Amino acid sequence: MGSERFDAGEFAAELQRIVKATADAVSTDGQVNPLVEKIFGHLAVEPTAVTMVTADWPNWEHVNVQRGVDAYVAERGSAPEWFGIAGAQRSGDDLMGLLTHARRHGFYELGTVDYATVAIGPDKSTEVVKLGLVNTAAPDGAPIVLCLRGADPRYGNQNCQLTVLAAERVTATAARERIEELMVEHDVYRGQVLAFGVSEHRGNELVTFLPRPHLGAADVVLPDGVLDLIERHTVGIATHGARLRAAGQHVKRGLLLHGAPGTGKTHTVRYLMGRLPETTVIVISGSAMRMINAAAALARRLQPSVVVVEDVDLIAKDRSYSPAGNPLLFSLLDAMDGIGGDADVTFLLTTNRAGELETALADRPGRVDLAVEIPRPDARGRAALFALYSKGLTVTADLEPIVAATAGQTASFIKELLRRAALRAITTCPEQQPVTVDDADLIAALGEMNDSASGLTRTLLGAPQD
Ligand SMILES: Nc1ncnc2c1ncn2[C@@H]1O[C@H](COP(=O)(O)OP(=O)(O)OP(=O)(O)O)[C@@H](O)[C@H]1O
Ligand SMILES: [Mg+2]
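This is the structure we're talking about:
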């Protein structure tokens, strides 16, 4: 009350604090350490009385922490003036250690900021502060200092860390909370296609940006109605999400695409990514499955979103990360269940061994609400595939017998067959423009692929098992 009035007593106390803080910044040899002065002079608090509130994130969030901090400082009306810490051991010491050693022994000095480069898109990157500090204010105007630090696996530090230094804990907490809000608002991952991964090197968790594929419906050859059904369940629910929710319907959905290898499950997923241009897509597979909870949390944060889990049968068998008999598949199913029904999150699972999943899925119903078989193409489908994958070629061959001869084969078999025929055409008639595939080319290519010596190739292209 009446805080605008000049209060002599308060002023004296404040002055005393500043004097004391400065005195504290003077090390035993009587020199003021500019680093210590810059921090504690700004905070106007004794170094021993400062409160530190620290928040940690997996290092793949570093870019978002940077964005949150930048937005926060901008909101306070100033451009961030980052400063750094100089001193050989700075990476190995925590902030408390750095400041104590700077203050007491002059080990560290005011220096330049350390930067790291991080991706912000499939082919865009930016610099983030790897170790640096910035003086700013709390939402209530009290002085605070922010310290941002990226992971440094050399010192066993896997996380990105933000520390708020302030005189009062409530002040520091309020600043941290506001920064976290701004992180969500400025999240670099929103609307992107992301792959979660684990690097071989030290097992670091990674998030990489993938370009969003853009396929037309004509590029996906499936029996009538199949693609429509899939689109209705994904794009359709997304489009009418608000009305469905208002009508008390849940919008979270789980879709399982199953079928032989090479029939177009991944292809369909890629098509859907293009049909949902604003949607965040998170692709997770293999050993990155241990990050499923982080992926699900990110999906919830960045709605509308799709979580793609390819080849779920593989994780269904993998118990390596869960010796307690709680296989990764159950972690996935739990993560799917953990997201509220009103979340615009789609789980898109693919497998070529639906049978191996059935019991697990039946035991935990409600996660997958639509299972769609992606079948091998029928004669009409195969003819459409020949047409699709011979777009850049002139085909003089009579396709009817070839379509008949490829009964039971997959789309990827036909795609490969045409490439081989084209290669044969190019080698036999190098001058011909455009490349012209005739009967002989196709018959030779088919013979090659059906040759018993190509048994493994056929299996790889999804040939029916004998
Ligand atoms: N239905 C299809 N329509 C058009 N092209 C297809 C179709 N299916 C497959 N292809 C082509 O074959 C390639 C391989 O198919 P895809 O990777 O989608 O198979 P998959 O079903 O995911 O197999 P897997 O079970 O081995 O993962 C695709 O990139 C695409 O070029
Ligand atoms: Mg696939």
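Mapping of the sequence shown onto this note's numbering: position 328 corresponds to residue 334, and the numbering continues sequentially without gaps.
We put the beta carbon where it would ideally sit given N, CA and C, even for glycine.
Computed from a prediction, not measured in an experiment: that's the story for all the values here.
Practice item. May I ask you to check if the CB of K271 is nearer than 8 angstroms to at least one heavy atom of ligand 1? Key: In the sequence shown, residue 271 corresponds to position 265, counting from 1. Yes - ligand 1 has a heavy atom lying nearer than 8 angstroms to the Cβ of K271.
Practice item. Can you say whether G268 is buried or exposed, counting buried as having 16 or more other CB atoms within 10 angstroms of its CB? Key: On the sequence shown, position 262 is the one that residue 268 refers to. It counts as buried.
Exercise for review: Assuming S291 contacts V315 (C-beta within less than 8 angstroms), just tell me the rounded distance between them.
Suggested key: As a first step, residue 291 is located in the sequence shown; it is residue number 285 there, counting from the start. As a first step, residue 315 is located in the sequence shown; it is residue number 309 there, counting from the start. Correct: roughly 7 angstroms between the Cβ atoms.
Review point. Going by beta carbon distance, what residues of the same chain come within less than 7 angstroms of A157, once the five residues before and after it are set aside?
Key: Within the sequence shown, residue 157 is the residue found at index 151, counting from 1. Hits under 7 angstroms: N65, N163, Q164, N165, C166.
Practice item. For the region 45-87, list the beta strand (DSSP E) runs that are entirely contained and at least 3 residues long, ordered along the chain. Key: 57-64
Check your understanding: In chain order, what residues of the same chain lie with their CB nearer than 8 angstroms to the CB of S9, ignoring the 5 residues before and after it?
Key -> In the sequence shown, residue 9 corresponds to position 3, counting from 1. Interpretation of S9 is limited by its pLDDT of 45, a score under 50 that renders its predicted location unreliable; the figure taken from the coordinates is listed afterwards. Taken in chain order, the list of residues that qualify is empty.
Review point. Taking C-alpha atoms, which residue in V79, L41, G468, D100 lies nearest to N358?
Key: Counting from 1 along the sequence shown, the entry for residue 358 is found at position 352. Nearest option by C-alpha distance: G468.
Point to revise | Beta-carbon separation (whole angstroms), I288 vs A301, contact threshold 8 angstroms | key: Residue 288 sits at position 282 when you count from the first residue of the sequence shown. Residue 301 sits at position 295 when you count from the first residue of the sequence shown. Between A301 and I288 the Cβ distance is about 5 angstroms, and since that is below 8 angstroms, they are a contact.
**Study point:** Whole-angstrom C-beta distance between A180 and V145, which should lie under 8 angstroms
**Key:** In the sequence shown, residue 145 corresponds to position 139, counting from 1. In the sequence shown, residue 180 corresponds to position 174, counting from 1. This sequence places Pro at residue 145; Val is not what is there. Confirmed, about 5 angstroms.
Practice item. Tell me whether V227 counts as near ligand 1, meaning its Cβ is closer than 8 angstroms to at least one heavy atom of that ligand. Key: The residue you call residue 227 lines up with position 221 of the sequence shown. V227 Cβ: within cutoff of ligand 1.
Point to revise | Option in I185, V151, V176, R184 with minimal Cα separation from V545 | key: Residue 545 lies beyond the stretch modelled for the chain, which goes from 7 to 472, so this question has no answer here.
Point to revise | Rounded C-alpha distance that separates G231 from L221 | key: Locating residue 231 in the sequence shown gives position 225, where the first residue counts as 1. Locating residue 221 in the sequence shown gives position 215, where the first residue counts as 1. Distance between the alpha carbons of G231 and L221 is about 18 angstroms.
Point to revise | Same chain, Cβ closer than 6 angstroms to A125, neighbours up to 5 away in sequence not counted | key: As a first step, residue 125 must be located in the sequence shown, where it is residue number 119. The answer, listed in chain order, is S131, F215.
Check your understanding: Going straight from the alpha carbon of R275 to that of V227, what length do you get?
Key -> Along the sequence shown, one-based indexing puts residue 275 at 269. Along the sequence shown, one-based indexing puts residue 227 at 221. Reading off the sequence, residue 275 comes out as Val, not Arg. Straight-line Cα distance between these residues: approximately 13 angstroms.
**Study point:** Within 9 angstroms, strictly: CB atoms of W88 and V140
**Key:** For this step, residue 88 is matched to residue 82 along the sequence shown. For this step, residue 140 is matched to residue 134 along the sequence shown. In this structure, V140 lies closer than 9 angstroms to W88 by Cβ.
Check your understanding: Ordered along the chain, which non-local residues of its own chain (more than five positions away) have a Cβ less than 6 angstroms from that of R426?
Key -> The residue labelled residue 426 in the question sits at position 420 within the sequence shown. Closer than 6 angstroms at Cβ, skipping near neighbours: A451.
Check your understanding: Any idea which residues DSSP pairs T442 with across the strands?
Key -> As a working note, residue 442 is residue 436 in the sequence shown. Beta-bridge pairing links T442 to T400.
Check your understanding: Taking the alpha-carbon positions, what's the V312 to A393 distance?
Key -> Looking up residue 312 in the sequence shown gives position 306. Looking up residue 393 in the sequence shown gives position 387. About 31 angstroms.
Check your understanding: Between D319 and ligand 2, is the CB less than 8 angstroms from at least one heavy atom?
Key -> The count along the sequence shown starts at 1 and reaches residue 319 at position 313. Every heavy atom of ligand 2 is 8 angstroms or more from the Cβ of D319, so no.
Exercise for review: State buried or exposed for M102, treating a residue as buried only when at least 16 other CB atoms are found within 10 Å of its CB.
Suggested key: To locate residue 102, count along the sequence shown from 1; it is residue 96. It counts as exposed.
Exercise for review: Under 6 angstroms Cβ to Cβ from T57, same chain only, skipping five residues before and after it: list those, please.
Suggested key: As a position in the sequence shown, residue 57 is number 51, starting the count at 1. Same-chain partners within the cutoff: A172, R175, A178.
Practice item. Check whether the Cβ atoms of P310 and T286 lie closer than 9 angstroms to each other. Key: Within the sequence shown, residue 310 is the residue found at index 304, counting from 1. Within the sequence shown, residue 286 is the residue found at index 280, counting from 1. Yes, Cβ-Cβ distance for P310 and T286 is below 9 angstroms.
**Study point:** Cβ neighbours of F419 in the same chain (closer than 6 angstroms, five flanking residues each side left out)
**Key:** Within the sequence shown, residue 419 is the residue found at index 413, counting from 1. L467, listed in sequence order.
Exercise for review: Decide if G461 is buried, meaning its Cβ has at least 16 other Cβ atoms within 10 Å, or exposed.
Suggested key: Your numbering for residue 461 matches position 455 in the sequence shown. Burial call: exposed.
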